[in-house]
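Read the structure below first, then the notes.
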Amino acid sequence: MRKLPDVPAQRAFAIAGGAGQDVKHESAHKHVSGEAIYTDDQAAPADTLHAYVGLSSIAHGKLRKLDLDPVRSAPGVIDVLTLDDVPGHTDIGPVFPGDPILVDEEVEFWGQVLFAVAATSYDAARKAAQLAVVEYAPLPADLTIEQGLANKSFVRPSHVQQRGDAAAAINSAPMQLQGEFRSGGQEHMYLEGQASLCIPQEDSGMLVYTSSQHPSEGQKLVAEVLGIPMNLVTVDVRRMGGAFGGKETHANQWACLAALLARKTGRAVKLRLARADDFSATGKRHPFLSRYKVGFDADGQILGLKLELSAGCGMSPDLSDAIVDRAMFHADNAYFLPAAHIEGHRVKTHTVSNTAFRGFGGPQGMLAIENIVEQIATATGLDALAVRKRNFYSATDGRDITHYGQQIEQHIIAPLVERLEASSGYHDRRLEIREFNRSSPVLKRGIALTPVKFGISFTVRHLNQAGALIHIYTDGSIQLNHGGTEMGQGLYTKVAQIVAQEFQVDLDRISCTSTRTDKVPNTSPTAASAGSDLNGMAAKDAAGKIKSRLTGFAAEHFAVPAESVVFKDSCVCAGEHTFTFTEFIQLAYMQRISLSATGYYRTPKIHYDRDKARGRPFFYYAYGAAVSELLIDTLTGEYKVLRTDICHDAGQSLNPAIDIGQIEGGFIQGMGWLTTEELVWGEDGRLQTANPASYKIPAIGDTPPQFNIELLPDSPNVEATIFHSKAIGEPPLMLAISVWCALRDAIASVADYRLSPVLDAPATPERVLMACNELRERSVQ
Ligand code: MTE
Ligand code: MOS
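So the working numbering is basically just the index in the sequence shown, starting at one, shifted up by 1453.
Spelled out as structure tokens, the structure:
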């Protein structure tokens, strides 16, 4: 139970748990003890039904027959939902249409939902869902980016960002390279799968518990499929057991289906996907194919770049427009591109629609340029780090403007990298590794240092807003609510710390309630790493309103100047008078002062003209760099990361303990994307790797045994973000590019660093082995 402290007489000044302190995650103890309530743990009414879905078993084709009689007559089945039963909208595309809630005539991927069934138990529903008799008239399916490109099949129009004449700059450059590079998709593998519980309310309303990063969008879509106004739908999200972008839009369908069945049966309905179906029926990170042509000089300086980024979007637009835009925005990473032509294609394939995943296209764009930098290093014979440093944005010579026109104002990357170079002993270790490799014929070591520059803000401008709601009760306890959702990243903890700081009270005086559309309306998804930037500011605004109201009251009541009213150490002083916070709140209540306020924030300074591909889409950038060292076995392709050193810029961190946790988690997740996590589809379009036995996420044993993480000290955000902090959620994922580059470095030793290994991502042990073999062959030719 939460204990309300009274004023600690002996503790003199600081409050416990204010902004900037190392505070544990508000639910850490509940996560490990099992007390934390996830959607599936939510107390449900006694007559709650369990829903399941029937999924398609072809990648593309017409639905010729869907006989659901065997489903209807299966034991325990109460009702079945088909497209004809949907009273309202049948398309749940979040931005653009294209996502039918149930298949109408045409199946567009293996695992698409054909119908839903409600039964008295989960098992009964799952078993019944298998009994449908389905016949298809198959059509040719595009399963790969190459096939989609060849058929000119796109979910959205292509888009270009450019500066100068890239072709001319490349042609006149002393050296040129061109090539192709692929990066694979990634399954979110959140521990808690997709789940929703819908409880019908009076007046045809619906209460929805769902594991979603975007409660307001869930509310809107549930209202639309039911054909009722949004004010009759409430969505409640206390927490998710991980989301990573996979519950930004892909939580909606399950909430909508459960709501439709709840409406149809008049009973509460819960829908929870089994893992294998979660794999098949929900979107993943976009795989990318990049084709490039680059011109540079013997010093490794990039003079011109033409880059074509083609994303495998799956069957619908979903968020792909913004995701490919973000890939394009990050195709420079930390490097100045004097002349650039960056084109992004949104390729349609007959696979599940791909969606947000930590980094939101940024990692794919960044990896494309890092691969190019690696090629340049081999071609010039320079250390890749020297090439990187030569190309960094800098305050001199006008090398501080991105290819989309945003000026780089904080030149953090060069000093940050220098700091890490020194603290990790990069140069000595690199020499020592080359020495080792000369005398070790089979085992080879590799090392790489890579930078990250990541733009913070939603590139869709209107999403950069947030709201909060604070109540102070008459016992002096504070209840906080805001539009952000908790998915393990520590947002609730950070925003509560901000409120503690504002009122100068201990953190345990504040309770954070579940995110609810009836408390704070019209919220943005918790995404783009902007959760604490946006909601933290909104909460500060709400706290500020109450504080100024209380200050005005105290000044008048005690006839003292407003400046002499001070909130300090869980007390409030008004001139000579000192009260505990609780006493003061009681006094204010008795004097009829409102103790509740909403807060609001919208990000300043951002603008972007997409037609011109020019503007300032990002409020600021977050920076970081990592050095990874690893060992490969050139006869088997097996490898092990031995050591990683990271220096990351979190501005003035809101909570260093949580930020370091985000860096660790993000790095390891990125490492999984680039090494062992491989999605394999059969020729029939069925995902073959639909469980963790065949889809390999990193385990504890993959953590680098030496893992040194430092937050860049004394580096407050120059922008007026919440307490000058910086967003942390996504940028660290891209630090893992150092692992992929270190693998290349180790492989390159096989041909004495003269040739460039061919290594697409993920660099699975098989790919590493093939790259070693290919390099050996090429080096004797
Ligand atoms: N950390 C945990 N533990 N679980 C998650 O699901 N999602 C990531 C990141 N860190 C995630 C996480 C993603 S994709 C984003 S966009 C941010 O958290 C969102 O939260 P924030 O904006 O509060 O950082
Ligand atoms: Mo994160 S991919 O923006 O949900």
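For glycine and all other residues, C-beta sits at the position ideal for the given N, C-alpha and C.
Residue i (DSSP reduced to helix, strand or coil)
i: E1488; result: coil
i: I1861; result: coil
i: P1461; result: Annotation note: pLDDT 40 at P1461 (below 50); position unreliable, no value reported.
i: R1455; result: Interpretation of R1455 is limited by its pLDDT of 38, a score under 50 that renders its predicted location unreliable; no figure is taken from the coordinates.
i: N1807; result: coil
i: F2034; result: helix
i: R1914; result: helix
i: H2101; result: strand
i: L2165; result: coil
i: N1934; result: strand
i: H2010; result: helix
i: G1507; result: strand
i: F1466; result: Only weak support exists for where F1466 lies, its pLDDT of 39 falling under 50; the coordinates are left without a value.
i: T1903; result: strand
i: R2063; result: coil
i: M1768; result: coil
i: G1815; result: helix
i: V1678; result: helix
Cutoff 7 Å; reference residue i; Cβ partners in own chain excluding five residues on either side
i: P1627; result: D1750, A1751
i: R2220; result: L2212, D2213
i: I1963; result: I1931, L1933, A1949, V1952, A1953
i: K1483; result: A1489
i: E2131; result: G1637, T2142, P2215, T2217
Between the CA atoms of residue j and residue i - distance to the nearest angstrom
i: G1812; j: I1854; result: 22 Å
i: I1468; j: V2018; result: 18 Å
i: A1581; j: N1604; result: 38 Å
i: K1746; j: C1651; result: 52 Å
i: D1774; j: G2005; result: 49 Å
i: P2185; j: A2078; result: 9 Å
i: F1562; j: T1804; result: 5 Å
i: R1464; j: D1959; result: Its pLDDT being 39, under 50, R1464 is placed unreliably by the model, and nothing is read from it.
i: A1919; j: T1938; result: 12 Å
i: P1547; j: R1799; result: 16 Å
i: R2055; j: R1914; result: 10 Å
i: K1801; j: I1511; result: 16 Å
i: H1856; j: P2070; result: 12 Å
i: I1490; j: E2136; result: 41 Å
i: R1525; j: I1531; result: 7 Å
i: I1886; j: E2082; result: 9 Å
i: G1680; j: A1527; result: 30 Å
i: A2173; j: L1835; result: 40 Å
i: L2208; j: Q1706; result: 49 Å
Contact under 8 Å by Cβ, residue i with residue j
i: S1806; j: G1698; result: no
i: F1634; j: N1786; result: no
i: I1909; j: A2075; result: yes
i: W2126; j: P2215; result: yes
i: A1572; j: H1503; result: yes
i: V1973; j: N1917; result: no
i: C2024; j: F2011; result: no
i: G1753; j: A1830; result: yes
i: E1670; j: T1702; result: yes
i: A1764; j: A1780; result: yes
i: F2162; j: I2116; result: It should be noted that the sequence gives Ile, not Phe, for residue 2162. Yes, the Cβ-Cβ distance between I2162 and I2116 is below 8 Å.
i: Q1666; j: P1978; result: yes
i: A1497; j: K1842; result: no
i: K1759; j: A1620; result: yes
Same chain, Cβ closer than 8 Å to residue i, five either side skipped, listed in chain order
i: T1535; result: L1519, L1521, L1555, F1568
i: L1896; result: L2084, I2085, D2086, T2087
i: D1544; result: P1550, G1551, D1552, P1553, I1554
Cut-off 6 Å between Cβ atoms - residues of its own chain near residue i, not counting five sequence neighbours on either side
i: L1726; result: G1646, Q1647
i: F1845; result: A1787, I1866, A1867
i: A2027; result: A2007, F2011, V2013, V2018
i: Q1942; result: G2182
i: F1911; result: N1917, A1981
i: L1584; result: P1523, V1524, A1527
i: T1687; result: L1660, T1970, D1971
i: D1731; result: G1646, Q1647
Between the stretch 2056 to 2063 and the stretch 1867 to 1885, are three or more C-beta pairs nearer than 8 Å?
no
Decide yes or no for the touch test of the stretch 1965 to 1982 against the stretch 2137 to 2157: beta carbon pairs closer than 8 Å, at least 3 of them.
no
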